[in-house]
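Enquirer: This is the structure I want to talk about, given as structure tokens.
In UniProt numbering, the protein residues as written are 1 to 1224.
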């Protein structure tokens, strides 16, 4: 019983607690009474019943830690300030020892003690507030309370205690902003009972205050307050009389003297009547006989009205909330003279002067704009839910129709001819009526009638949808437009208006019917709205609005009116705003529209003049593009910046070029290229690209400068020069008469032997990291060694609001990481004396990782703004990503991080366990794991699963923690970060989550993901070894969590993360759509796989034959290429981690990614692209809970549950590639 009472108290469920306490205190169980006295004292004080509070307090044991505190509170409430001060001192002395013991404790454990100290301090301040006559001192105390309130922990229970304490000095109706914030926080966190009780107390205090004004000295208040009090008292009396008669108020004078409220109320008789019958919150004896709904109609505070209609909507009383909101919209509009049909008259008429000079008018207009915006949001929900209900009704009718047909078919076979005719006629009648029911539902008529709450919600939605009719989209735009006029400096109104115009445009895009009229009606206002929203936004980032603006601009860049609207909008957008979208702007620098191309170059030039450090690396990436138009456009901008910053531009070019050279040594480049050449013997469509790359490498050999390049030339120069002769003879031949035997001869005599020797000799061992673990800068690039005290900022550190950190020097050694692509670990010393570590990656397009970091940055911001996620420190770890070319880039490296693969292997090595014990165990039963049928593989998988524990990561975390408390903190951080990244990665469709791509910060336990090469579920679409799991949640990952593994912190964190992502779906879709339609990073995602024509099939067959001849002449003992080993066992002479850390790639996708064409036509990435549209639809389905079926929208809890089931299902893990380590 005690636990149940405490749970009810924590959720502030007073209605449930009152009968329980009545039962306890009328009984004879004194032990239970003493055990429940503390909670009773706390909740009765929160309710404001001081008499009951004292009764409960008297039953507390003498050693209760809160007895002195509550005694002081009671004395303060009764104006016995000297007694209250004495007990405050006793309480402070009592908690002194416990506070000292908590000083060394973590923040979360010591916070409760600190909060009790805060309550004592604020109680002293409340007494000072009451006893001083100095208004300035009172103002300082009130301001201090508000700052503490907003900066403290966002805990509803703690906030309630503080507000009750503050009410000793400041009555709730005079601290209305704080109370409303508390009510909204309670409502948004799902504690609706707490919100209802707070509303009741606030409205009751307003009624009491006006009663005191009427019965008190009329000269003690302003004439306005006195007039409000008299009107309120009269209206309350009328409301009580009407409630007793169970009828609505026929005539209600308005509080401010106009007749609009009376007219509004009298025209909504049906609504008022239903309110009196169905009022769930306003009891007949509440507020001296006035229900909550009627008390809201009496209030003089528009803020209370706005808060209350939102509360009604959150209780799923859609129809009541909407009609109440419309009532007040009409009343307030008439009060300030606003007509939404003719809004310009309000802005330019005499009302504007009255609005600017009257605080009451200003306040009314402020909240009227909020009501209009909320109306539009509710109409959007009504529109979406009505469409969903109509779809369900159509499906139900279709099911009934098909079911009836099946039953009739069965009966047809089993019946006589006469009965068949009757039953066929009955089936036709049933089908007709089912179709009519479906059409009735589509048209909006209520077809769902039930007493259940869900059915009532659906009925309300259908009613409101039918009431709005076909004008619902126009009503939404009108409401948003009205909100922008009433509050011209409100970001949310402008953002929502622009977004709605954008969505209306997309409706026409689906049917390719975007005419000039549509451009003027929707596109141009969308650009204007986004520009205004960006200008007004005061928070950290405007990424979503800026990306939407770019999307609309680039999609309709061929229209002069669109370009002109962008030119007008750019004038008012702060220049630093564009820094966050430089990659997206540069991706379209070669756009065909002359006006847009010129405007982009002007914008980049202006940006570079003020923020050169932020743009130069990106400009060099574009300037190195194979696309001539793109390279030329970027070169023009660089030439303009060279005039202003010649040294800076030169330094950027030198640093980026030498880092590119260092990212891949000649042996690595030739290994990759020759491997692709061998693969292209099977894929004739890719042969020309492989030849193009070969010519570039031959050209580089003729200009060898560094020591590794000279070594390679000395080793293989003669053979490659001979091979180049065959290659050039093939290329110089006429396309129709090219002799492909020249290529096979070149491979057989020269390229093949070079490929084999490059892979197997001692020089390749250095490349594989088996001997040499570091590279020396003086060998790879002397230029970087000589770069000291540069004018260039350390890559990825530039911040307009902070001091620039310049490059001091490059460290002499660059470590080679033991992963498949052998990235370099380099360090740059900054001008501030700190080292900045980076991972230098070659043969990898880092522009996609750059876009992924944009998305994660937005998610991090959204999580920090949400109360629940911020309180639990749910976040995503970010790092800077700096592309240097289309196949090379830098990634900021987290210090003190190790990938999970190394953590597990180190633990096993320290404990004498075989690093890949599961694989060795599988070899005992089958040498060819990959070739086993699914059922056999599943049996073997289950057997190994049962024979191994999978606790290695769990034990590693325990043994590396310095203390149990530190281990608990790390485990919590690990579990939370795993949950957040799982949900974020699922939305992005992130694949290839092998253990080398998941790193852990060894001091905090937080998980950091790297390598975002597989997005949009491309890993799940592979022909071979598709990843059917939404994220990695294997047993080693889950065993390292709490005792209940995924049950508890993981699911709780995942639930809140998904809730935040779904609540901000439009912001996320802005980033993700820009990602999908970016021509530089998603080209190979949205292209269909090439299909060979019949002649090409013959050519491919011929090449396979020739290729087999080639391999037969390859020297004995030469290890086959990686491509040739597909579908076979492990590769010999290869570092084991290369095998055991990764998903087996789809080679067609890998080759397609390497040869992506940056010069493709811009139209390929418009919204008409079917594959891109499919990706966007899939992402949106995830964000609305329709990812497991388009006709059923799951709530957050159901969605997370199904995702976890998918991620942990053994049948999904069995089919994964062995290198992904599903048994880990």
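Cβ coordinates follow ideal geometry from the N, Cα and C atoms, glycine included.
What is the rounded straight-line gap between the Cα of residue 501 and the Cα of residue 477?
Expert: Looking up residue 501 in the chain shown gives position 501. Looking up residue 477 in the chain shown gives position 477. Each residue's Cα considered, the two are about 8 Å apart.
Enquirer: Closest to residue 676 by C-alpha separation, out of 666, 662, 667, 691, would be which residue?
Expert: Reading the chain shown from its first residue, position 676 is the one you call residue 676. Cα-wise, what sits closest to residue 676 is 691.
Enquirer: Comparing C-alpha positions only, which one of 621, 1028, 119, 627 sits nearest to residue 850?
Expert: Mapped onto the chain shown, residue 850 falls at position 850. Checked all of 621, 1028, 119, 627; the closest Cα to residue 850 is 621.
Enquirer: For my contact list, residue 319 and residue 217 are in at a C-beta cut-off of 8 Å; report their separation, rounded to the angstrom.
Expert: Position 319 of the chain shown, counting from 1, holds the residue named residue 319. Position 217 of the chain shown, counting from 1, holds the residue named residue 217. Not confirmed; about 45 Å, so no contact.
Enquirer: Below 8 Å CB to CB, which residues in the same chain sit around residue 92 once its five sequence neighbours on both sides are set aside?
Expert: For the purposes of this step, residue 92 is taken as residue 92 along the chain shown, with counting starting at 1. Same-chain partners within the cutoff: 117, 120.
Enquirer: Between 341, 79, 227, 339, which lies nearest to residue 299 when the distance is taken from Cα to Cα?
Expert: By 1-based counting over the chain shown, the position of residue 299 is 299. Selected option, being the one with the closest Cα: 227.
Enquirer: Sort 129, 1051, 309, 5 by Cα distance to residue 196 and report the nearest one.
Expert: Locating residue 196 in the chain shown gives position 196, where the first residue counts as 1. The option with the nearest alpha carbon to residue 196 is 309.
Enquirer: Express the C-alpha separation of residue 229 and residue 207 in angstroms, rounding to a whole number.
Expert: On the chain shown, residue 207 is found 207 positions in, with the first residue counted as 1. On the chain shown, residue 229 is found 229 positions in, with the first residue counted as 1. Straight-line Cα distance between these residues: approximately 9 Å.
Enquirer: Between the C-alpha atoms of residue 6 and residue 39, what's the straight-line distance to the nearest angstrom?
Expert: Start at 1 with the first residue of the chain shown, and residue 6 comes out as number 6. Start at 1 with the first residue of the chain shown, and residue 39 comes out as number 39. Cα to Cα, residue 6 sits roughly 7 Å from residue 39.
Enquirer: Does DSSP put residue 994 in a helix, in a strand, or in coil?
Expert: In the chain shown, residue 994 corresponds to position 994, counting from 1. Three-state result, residue 994: coil.
Enquirer: I'd like to confirm the pairing. Which residues does DSSP put opposite residue 883 in its beta bridges?
Expert: Here residue 883 refers to the residue found at position 883 of the chain shown. Note: residue 883 sits in a beta bridge opposite 889.
Enquirer: What three-state label does DSSP hand residue 806 in the structure shown?
Expert: Numbered from its first residue, the chain shown carries residue 806 at position 806. Three-state DSSP puts residue 806 in a strand.
Enquirer: Measuring straight from C-alpha to C-alpha, what distance separates residue 504 and residue 1196?
Expert: Position 504 of the chain shown, counted from the first residue, corresponds to residue 504. Position 1196 of the chain shown, counted from the first residue, corresponds to residue 1196. Straight-line Cα distance between these residues: approximately 28 Å.
Enquirer: Does the beta-carbon distance from residue 841 to residue 889 come in below 7 Å?
Expert: Looking up residue 841 in the chain shown gives position 841. Looking up residue 889 in the chain shown gives position 889. Yes, Cβ-Cβ distance for residue 841 and residue 889 is below 7 Å.
Enquirer: What are the partner residues of residue 1042, as DSSP defines its beta bridges?
Expert: In the chain shown, residue 1042 corresponds to position 1042, counting from 1. 1045.
Enquirer: Thinking just about the alpha-carbon of each residue, which of 867, 853, 870 is nearest to the one in residue 877?
Expert: Within the chain shown, numbered from 1, the residue matching residue 877 stands at position 877. The shortest C-alpha separation from residue 877 is found at 853.
Enquirer: Does the beta-carbon of residue 971 have 16 or more other beta-carbons within 10 angstroms, so that it is buried, or is it exposed?
Expert: One-based indexing of the chain shown puts residue 971 at position 971. It is buried - the Cβ of residue 971 has at least 16 other Cβ atoms within 10 Å.
Enquirer: Could you give the distance in angstroms between the alpha-carbon of residue 302 and the alpha-carbon of residue 329?
Expert: Start at 1 with the first residue of the chain shown, and residue 302 comes out as number 302. Start at 1 with the first residue of the chain shown, and residue 329 comes out as number 329. The alpha-carbon atoms of residue 302 and residue 329 are separated by roughly 10 Å.
Enquirer: What separation, rounded to the nearest whole angstrom, lies between the Cα atoms of residue 462 and residue 843?
Expert: As a first step, residue 462 must be located in the chain shown, where it is residue number 462. As a first step, residue 843 must be located in the chain shown, where it is residue number 843. Cα to Cα, the separation comes out at about 56 Å.
Enquirer: Tell me the DSSP secondary structure of residue 835 in three-state form.
Expert: Against the chain shown, residue 835 aligns to sequence position 835. Three-state result, residue 835: strand.
Enquirer: Alpha carbon to alpha carbon, how far is residue 643 from residue 652? Give it in angstroms, no decimals.
Expert: Residue mapping note: residue 652 aligns to position 652 of the chain shown, counting from 1. Residue mapping note: residue 643 aligns to position 643 of the chain shown, counting from 1. Cα-Cα distance, rounded: 15 Å.
Enquirer: To the nearest angstrom, report how far apart residue 139 and residue 174 are at their CA atoms.
Expert: What you label residue 139 is simply residue 139 of the chain shown in a count that begins at 1. What you label residue 174 is simply residue 174 of the chain shown in a count that begins at 1. Roughly 13 Å separates the two Cα atoms.
Enquirer: How should residue 1217 be labelled, buried or exposed, when 16 other C-beta atoms within 10 angstroms of its C-beta is the threshold for buried?
Expert: Position 1217 of the chain shown, counting from 1, holds the residue named residue 1217. By the neighbour-count rule (16 or more Cβ atoms within 10 Å), residue 1217 is buried.
Enquirer: For the beta strand (DSSP E) that contains residue 827, what are its first and last residues?
Expert: Here residue 827 refers to the residue found at position 827 of the chain shown. Residues 824–830.
Enquirer: Leaving out the 5 sequence neighbours to the left and right, which residues in its chain are closer than 7 Å to residue 313 when beta-carbon positions are compared?
Expert: Walking along the chain shown from the start, residue 313 turns up at place 313. The answer, listed in chain order, is 321, 378.
Enquirer: Considering only residues of the same chain and omitting the five flanking positions on each side of residue 830, which have a CB-CB separation below 8 Å?
Expert: As a first step, residue 830 must be located in the chain shown, where it is residue number 830. For residue 830, where only same-chain residues beyond five positions count, the Cβ hits under 8 Å are 794, 797, 805, 806, 807, 808, 836.
Enquirer: Could you check the C-alpha separation between residue 1190 and residue 384 for me, to the nearest Å?
Expert: As a working note, residue 1190 is residue 1190 in the chain shown. As a working note, residue 384 is residue 384 in the chain shown. Each residue's alpha carbon lies about 13 Å from the other.
Enquirer: Would you mind sorting residue 665 into buried or exposed? The rule is 16 or more other CB atoms within 10 Å of its CB.
Expert: Taking the chain shown and counting its residues from 1, one reaches residue 665 at position 665. Buried, since its Cβ has 16 or more Cβ neighbours within 10 Å.
Enquirer: Straight-line CA distance for residue 967 to residue 955?
Expert: As a first step, residue 967 is located in the chain shown; it is residue number 967 there, counting from the start. As a first step, residue 955 is located in the chain shown; it is residue number 955 there, counting from the start. Going from the Cα of residue 967 to the Cα of residue 955 covers about 11 Å.
Enquirer: Can you give me the C-alpha to C-alpha distance between residue 826 and residue 182, rounded to a whole angstrom?
Expert: Position 826 of the chain shown, counted from the start, is the residue given in the question as residue 826. Position 182 of the chain shown, counted from the start, is the residue given in the question as residue 182. When rounded, the distance between both Cα atoms is 50 Å.
Enquirer: Cutting at 7 Å between CB atoms, please list the residues of its own chain near residue 532, excluding the five before and the five after it.
Expert: The residue you call residue 532 lines up with position 532 of the chain shown. Result list for residue 532: 494, in chain order.
Enquirer: Just to confirm my understanding: we take residue 607, look at its own chain, exclude 5 residues before and 5 after, and list those with CB closer than 8 Å. What are they?
Expert: Locating residue 607 in the chain shown gives position 607, counting from the first residue. Counting only Cβ-Cβ distances below 8 Å, and skipping sequence neighbours, we find 575, 578, 579, 582, 614, 615.
Enquirer: Among 952, 469, 1022, which has the Cα closest to the Cα of residue 1037?
Expert: For this step, residue 1037 is matched to residue 1037 along the chain shown. The shortest Cα separation from residue 1037 among 952, 469, 1022 belongs to 952.
Enquirer: Quick check on residue 898: does DSSP put it in helix, strand or coil?
Expert: Walking along the chain shown from the start, residue 898 turns up at place 898. Strand at residue 898.
Enquirer: What number of angstroms, rounded off, separates the C-alpha of residue 942 from the C-alpha of residue 1212?
Expert: Counting from one through the chain shown, the residue named residue 942 turns up at place 942. Counting from one through the chain shown, the residue named residue 1212 turns up at place 1212. Taking the straight line joining both Cα atoms gives about 13 Å.
Enquirer: Please name the residue in 911, 922, 823, 856 whose C-alpha comes closest to that of residue 893.
Expert: Counting from one through the chain shown, the residue named residue 893 turns up at place 893. When only C-alpha atoms are compared, the closest one is 823.
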